[in-house]
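So the mapping is simple: the working numbering equals the position in the sequence shown, first residue as 1, plus 61. Positions of the beta carbon are idealized from the N, C-alpha and C atoms, including for glycine.
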Amino acid sequence: MNSNFHYIQNDSPELKEFPFVSCLLSQKVQQIILDSWEIAQRAGIGIFSFTEGKYEWYLEHKTYPLYPNDSLIVQPWQAIGNPRGYLEIGAFMQLSILPSHWAKDGQLILGDWSKISYSEQLVISKLFLSNAKPIIPRNPTIGQLIMELGQEVQEQAFGYRTRVPQIIDEILITWARTLGKTERNNQDFSQTFLQLEQTLRANLEHPWTLEEMAGLVGLGNTAFSEKVKRFSGFSPLNYLINIRIAEASRLLKSSDKPLTDIALETGFYSSQHFSTTFKKLTGYTPRDYRKIHI
């Protein structure tokens, strides 16, 4: 396998099978070329892994030092480049993917090529948006996966059409898991818990599972359940139900929305499920609760 590869969509027939890959390259810079890396927005989600040299790149109003085995992720709306306008001497790899939808205030939708579930893509998008530091330091895993991806595209061995999207999924999952662990290590659980609650409240209609909620904070199911229980007095799913009921109560008092709409908007799968749960926790049916408070 040649460790150097350079594939650009529309210019490289090797990427014709993978329209969701904008570029895939391994680049060794042996001399400075002026005006080769000016600060600008670039298409897609950019994932960089550094193998030689030291880089100083500007991203979102901040300059980051980058060393071998560091990885960097760049969102489509972020400007990236060298403040001096050129690539430093060294070597790095780059993968840029084009999701079906990804906006700063929206849900990440990778596309039909990805086998990551919709709910897991939601978790990934929340982790990407909430994490202020876009670097995984001193971890060669991302680079190894990009190198494996380049090998699949280059050699086109049996099954490579299947392996390419699988490896990209693995890169994104690895990054999301690392972000989750970083958030957990950098914050006490009170901050983590607050961010979790904000995410749940903003997406109450989603059928959250224990695994998804734990993934948002980078914990396993058991450790997450224990922390939430100690912090709130409730299991994660019961805590989620309390949030749903609190929001439903607010809507019953402040709006004239039909009960079925309120039920679905706050994450209950039917008006009957909503009514039964609401009465169990408040002592009133939703209809009676609305009458009393209006």
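Excluding five sequence neighbours on each side, which residues of the same chain lie with their C-beta closer than 7 angstroms to the C-beta of residue i?
i: Thr-260; result: Lys-187 and Leu-277
i: Arg-222; result: Glu-78
Between the options, which lies nearest to residue i when the distance is taken from Cα to Cα?
i: Leu-127; options: Gln-136, Glu-113, Ser-83 and Gln-139; result: Glu-113
i: Ala-309; options: His-354, Gln-227, Thr-253 and Gln-168; result: His-354
i: Ser-64; options: Phe-153, Leu-312 and Pro-297; result: Phe-153
i: Thr-124; options: Ile-229, Pro-226, Pro-195 and Ser-110; result: Pro-195
i: Gln-92; options: Gln-102, Gly-151 and Val-82; result: Gly-151
i: Lys-288; options: Leu-210, Ser-161 and Leu-255; result: Leu-255
i: Gln-136; options: Ala-101, Tyr-179 and Asn-143; result: Ala-101
i: Asp-349; options: Lys-314, His-334 and Gly-328; result: Lys-314
i: Gln-333; options: Pro-160, Gln-217, Leu-320 and Val-214; result: Leu-320
Taking the DSSP output, what are the residues bridged to residue i?
i: Ala-140; result: Gln-102
i: Phe-219; result: Paired residues: none, contrary to the question.
i: Ser-157; result: Cys-84 and Gly-107
i: Trp-118; result: Tyr-125
i: Glu-113; result: Ala-152
i: Val-278; result: In the DSSP output, where bridge partners are listed per residue, Val-278 has none listed.
i: His-162; result: Ile-170
i: Leu-133; result: Phe-109 and Ile-196
i: Tyr-350; result: In DSSP, Tyr-350 forms no bridge with anything.
Since residue i and residue j should fall inside the 8 angstroms C-beta cutoff, what is the C-beta to C-beta distance between them, to a whole number of angstroms?
i: Ile-106; j: Ile-134; result: 7 angstroms
i: Leu-120; j: Gln-139; result: 6 angstroms
i: Leu-95; j: Gly-146; result: 7 angstroms
i: Gln-155; j: Phe-109; result: 5 angstroms
i: Trp-269; j: Leu-301; result: 6 angstroms
Would you tell me roughly how many angstroms separate the C-alpha atoms of residue i and residue j, rounded to the nearest one?
i: Ile-158; j: Lys-89; result: 21 angstroms
i: Asp-322; j: Ser-191; result: 29 angstroms
i: Pro-74; j: Gln-212; result: 15 angstroms
i: Glu-258; j: Ile-203; result: 30 angstroms
i: Trp-174; j: Gln-252; result: 35 angstroms
i: Arg-351; j: Ala-263; result: 23 angstroms
i: Ser-296; j: Lys-290; result: 5 angstroms
i: Glu-272; j: Gly-281; result: 8 angstroms
i: Ser-83; j: Ala-104; result: 7 angstroms
Excluding the 5 residues flanking residue i on each side, which residues of the same chain have their C-beta closer than 6 angstroms to its C-beta?
i: Tyr-116; result: Leu-127 and Glu-149
i: Lys-165; result: Trp-138
i: His-67; result: Leu-86
i: Phe-111; result: Leu-127, Pro-129, Asp-131 and Phe-153
i: Phe-335; result: Ala-324 and Phe-329
Leaving out the 5 sequence neighbours to the left and right, which residues in its chain are closer than 8 angstroms to residue i when beta-carbon positions are compared?
i: Asn-143; result: Trp-98, Glu-99, Ile-100, Tyr-116, Glu-117, Trp-118, Tyr-119 and Glu-149
i: Arg-224; result: Glu-213
i: Gln-217; result: Glu-75
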